[in-house]
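Visitor: Going by the working numbering, the sequence shown runs without a break in its numbering and finishes at 1562.
My questions will all concern the structure given below.
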Amino acid sequence: MRSQDILIAVLQVYFLVMNVTVEREYCLGPLDPNSSTPFVQQAVAFGPNNPLFVERPEWLVKATCAHAYIMWAFYVLTFYLAVTDGWARGPLARVALPLFLGAKLYAISFYHYIQFTSHAPPPNLVPYWAAEGPYLLNIGLLLNKLVSVASGDGKGAKQQ
1403 MRSQDILIAV LQVYFLVMNV TVEREYCLGP LDPNSSTPFV QQAVAFGPNN PLFVERPEWL
1463 VKATCAHAYI MWAFYVLTFY LAVTDGWARG PLARVALPLF LGAKLYAISF YHYIQFTSHA
1523 PPPNLVPYWA AEGPYLLNIG LLLNKLVSVA SGDGKGAKQQ
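This is the structure we're talking about:
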């Protein structure tokens, strides 16, 4: 497995962990600083860097819930493709992955647009982008992977 595939796989594990911990608890109500759910206390402590997340507008709660309960499938698929070098295989990589990636790109673009044009933009950009950066890195890595495989430059990508 190449280093890029390892990084992609590790990112998917990170996203899945956030899906089943912080995001699912966020769906149920405001994050509890005394929660025993992994990473929730850290998310609460991070709150001042993302005031809109703390405010919990209805659209953000619904978007977070959709992300927590739907996008896990995208992360599982991407993890599978990364660990099996399945980037050039059938409809999973050629159809499902670009569709999921497009949805993710649209959602994250909308999210950041709203964040920075809202009444409560992130006050501290370094910690904000440190938390959001893995999602953007993942999108860039996957776009690069899909383009390289489609152009035939995906060295080592298995062809059917």
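All C-beta atoms in this analysis are idealised placements derived from N, C-alpha and C, irrespective of residue type, glycine included.
The structure displayed is predicted, hence computed values, not measured ones.
Check whether the Cβ atoms of L1483 and L1507 sit closer than 9 Å, and answer yes or no.
Guide: As a first step, residue 1483 must be located in the sequence shown, where it is residue number 81. As a first step, residue 1507 must be located in the sequence shown, where it is residue number 105. The answer is no: Cβ separation not under 9 Å.
Visitor: Taking Y1477 as the reference, give the member of V1549, G1535 and V1422 with the closest Cα.
Guide: Locating residue 1477 in the sequence shown gives position 75, counting from the first residue. Comparing Cα-Cα distances from Y1477 to each of V1549, G1535 and V1422, the minimum goes to V1422.
Visitor: T1439 by DSSP, collapsed to three states: which one?
Guide: The residue given as residue 1439 occupies position 37 in the sequence shown. Note: T1439 maps to coil in three-state DSSP.
Visitor: Is DSSP giving G1504 helix, strand or coil here?
Guide: In the sequence shown, residue 1504 corresponds to position 102, counting from 1. The answer is helix: DSSP assigns G1504 an H, G or I state.
Visitor: Taking 7 Å as the limit between beta carbons, can you name the residues of its chain near A1411, skipping five residues before and five after?
Guide: Reading the sequence shown from its first residue, position 9 is the one you call residue 1411. F1481, A1484 and V1485.
Visitor: Considering only C-alpha positions, which residue in the set N1546, A1490 and L1479 is nearest to W1502?
Guide: Locating residue 1502 in the sequence shown gives position 100, where the first residue counts as 1. For the record, residue 1502 in the displayed sequence is Phe; it is not Trp. Of the listed residues, the one whose Cα sits closest to F1502 is L1479.
Visitor: Considering only C-alpha positions, which residue in the set D1555, V1419, A1532 and G1554 is nearest to P1475?
Guide: The residue given as residue 1475 occupies position 73 in the sequence shown. Strictly speaking, residue 1475 in this sequence is Ala, with Pro absent from that position. That would be V1419, whose Cα lies nearest to the Cα of A1475.
Visitor: For V1528, count neighbouring Cβ atoms within 10 angstroms of its own Cβ and tell me buried if that reaches 16, exposed if not.
Guide: For this step, residue 1528 is matched to residue 126 along the sequence shown. V1528 should be labelled exposed.
Visitor: So G1504 packs on A1495, CB below 8 Å; how close in whole Å?
Guide: Within the sequence shown, residue 1504 is the residue found at index 102, counting from 1. Within the sequence shown, residue 1495 is the residue found at index 93, counting from 1. Contact doesn't hold; Cβ gap of about 14 Å is too wide.
Visitor: Where does the unbroken alpha helix (DSSP H) through E1425 begin, and where does it stop?
Guide: Sequence index remark: in the sequence shown, residue 1425 carries index 23 (1-based). Counting along the chain, E1425 falls outside any alpha helix (DSSP H), and DSSP gives it neither H nor E.
Visitor: Mind the definition here: the region 1507 to 1519 touches the region 1423 to 1438 only if three or more C-beta pairs lie below 8 Å; say whether that holds.
Guide: Counting Cβ pairs under 8 Å, fewer than three are found: no touch.
Visitor: Would you decide whether L1545 is buried or exposed? Buried here means 16 or more other CB atoms lie within 10 Å of its CB.
Guide: Within the sequence shown, residue 1545 is the residue found at index 143, counting from 1. So L1545 ends up on the exposed side.
Visitor: Let me check understanding here. Comparing Cα to Cα, which of Y1515, P1493 and P1432 lies closest to E1460?
Guide: Here residue 1460 is taken as the residue at index 58 of the sequence shown, counted from 1. Ranking Y1515, P1493 and P1432 by Cα distance to E1460 puts P1432 first.
Visitor: Rounded to the nearest angstrom, what separates V1415 and S1405 at their Cα positions?
Guide: Counting from one through the sequence shown, the residue named residue 1415 turns up at place 13. Counting from one through the sequence shown, the residue named residue 1405 turns up at place 3. Between V1415 and S1405, the C-alpha separation is close to 15 Å.
Visitor: For H1469, name the three-state secondary structure that DSSP assigns.
Guide: In the sequence shown, residue 1469 corresponds to position 67, counting from 1. DSSP places H1469 in helix when its eight states are reduced to three.
Visitor: Is H1469 a contact residue of the ligand SAH, with contact defined as CB to any heavy atom under 8 Å?
Guide: This structure lacks the ligand SAH, and indeed carries no ligand of any kind.
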